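Data first, discussion second: the structure below is written as structure tokens.
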Amino acid sequence: MVRDIAQLGEGVLRGPCHTVEDFDAPDVQQLVDDLIDTLTSRNGLGLAAPQVFRPLRILVACFRPTPRFPDTEAMPTTAFINPQILARSDAQIGMWEMCYSVPGIRGLVPRSREIGVEFTTREGLVKTRVLRDLPAVIFQHEFDHLQGLLYLDRIRNTQDLIAGSVFTERDDLHRVYDTFPVPGSHDSPFTSPR
1483 MVRDIAQLGE
1493 GVLRGPCHTV
1503 EDFDAPDVQQ
1513 LVDDLIDTLT
1523 SRNGLGLAAP
1533 QVFRPLRILV
1543 ACFRPTPRFP
1553 DTEAMPTTAF
1563 INPQILARSD
1573 AQIGMWEMCY
1583 SVPGIRGLVP
1593 RSREIGVEFT
1603 TREGLVKTRV
1613 LRDLPAVIFQ
1623 HEFDHLQGLL
1633 YLDRIRNTQD
1643 LIAGSVFTER
1653 DDLHRVYDTF
1663 PVPGSHDSPF
1673 TSPR
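Using my numbering, the first residue of the sequence shown is number 1483, and each one after it goes up by one.
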């Protein structure tokens, strides 16, 4: 079932998320299905349980090659239950992130380029994985939701926010940043279209 998305200002996005204890519980399995359905309906890359008003430590993500990351290994939409980030690289990557819970704007967010993660599958199996580049960014974005954080909490300053419509029109912004701060006015990676 496709669920409604919690929007900026709704308490569920800022509160604590609870650890999943019973992986076989029908409501947990239904929530995973609903997260996948909701993400698929938006052709998205990631979604976390608090975004559908359920404060549980579950996120779903899918990885696929993109023009900026053509070497990304494809992974079908997968549930990560009770995920943990075990290691983060010092090297950073930045891109203009968007979020279904913060419609209409994008923010330039610095993230670790590579992370080591541990999670439980919906079948109750504990797995570890190393994620790099786009998959690492997606995972960290969704993982933040489980901590009561939004990407807005990760931007360096308000100069790193832009309207989604401006982002769409500006081809020069459709890139990945490897260093921070990015050269430019107010350490911003773009110049005002004014």
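Think of the CB as a built atom: it goes at the ideal place given N, C-alpha and C, for glycine as much as any other residue. Small disclaimer: the values here were computed from a predicted structure and weren't measured.
Taking the Cα positions, Arg1652 is about 44 Å away from Gly1606. With a contact defined as Cβ atoms closer than 8 Å, Ala1569 and Gly1598 qualify at about 4 Å. With respect to the 8 Å criterion, Cys1499 and Pro1558 are not classified as neighbours on the basis of their beta carbons. Thr1560 and Pro1617 have their C-alpha atoms some 12 Å from each other.
The alpha carbon of Val1612 has as its nearest neighbour, out of Asp1519, Ile1487 and Ser1571, the alpha carbon of Ser1571. The region 1554 to 1642 contains, as complete alpha helix (DSSP H) runs of 4+ residues, the segments 1616 to 1628 (chain order). Distance from Pro1592 to Gln1574 at the Cβ level is roughly 5 Å; contact confirmed, criterion being Cβ atoms closer than 8 Å.
The bridge partners DSSP lists for Ile1644 are Arg1588. Using a 10 angstroms sphere on the CB of Asp1642, the tally of other CB atoms reaches 16 or more, which defines it as buried. At the C-beta level, Ile1620 and Phe1545 come within 8 Å of one another. A direct Cα-Cα distance of roughly 31 Å separates Val1484 from Glu1596.
Residue Arg1588 holds the alpha-carbon nearest to the alpha-carbon of Asn1639 among Arg1588, Leu1521 and Asp1509. Cβ atoms of Phe1625 and Leu1513 stay farther apart than 8 Å, at about 17 Å.
Arg1636 and Arg1496 have their C-alpha atoms spaced approximately 14 Å apart. Between the C-alpha atoms of Asp1519 and Asp1486 there is a straight-line separation of about 11 Å. If you look at Val1494, you'll find it isn't in any beta strand (DSSP E); DSSP assigns it neither H nor E. Contact check for Arg1539 and Ile1563: beta-carbon distance about 7 Å, within the 8 Å limit, so the pair qualifies.
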